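Q: Numbering (the working numbering), first residue to last: 656 to 722.
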């Protein structure tokens, strides 16, 4: 199965929130995972916002940026 992830689903892979466990299970079960090119920029922006709002630590934010 090919799994398409939008930005909100990608963010769930990096920041614990409602739906994170289910998203991780779906990704693990998928043969391929796809998204759009703009999801990269949107995800970086969403994670930066979570960092500014202290919803993720600096260490978590750096890990996200390096992945």
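We put the beta carbon where it would ideally sit given N, CA and C, even for glycine.
Note that this is a predicted model, so its numbers are computed, not measured.
Please name the residue or residues paired with residue 682 in a DSSP beta bridge.
A: Looking at the DSSP assignment, residue 682 forms no beta bridge with any residue, so it has no partner.
Q: Taking all protein chains shown into account, do 16 or more other C-beta atoms lie within 10 angstroms of the C-beta of residue 693, making it buried, or fewer, making it exposed?
A: Classification of residue 693: exposed, given that the 10 Å Cβ count is below 16.
Q: Take residue 718 and list the residues in its own chain whose beta-carbon comes closer than 6 angstroms to its own, dropping the five residues that flank it on each side.
A: Nothing meets the Cβ criterion.
Q: Okay, do the region 697-717 and the region 677-685 touch, 3+ Cβ pairs below 8 angstroms being the bar?
A: Verdict: no, contact absent.
Q: What residue range is occupied by the uninterrupted beta strand (DSSP E) comprising residue 665?
A: Premise fails: residue 665 lies in the alpha helix (DSSP H), 662-669, not in any beta strand (DSSP E).
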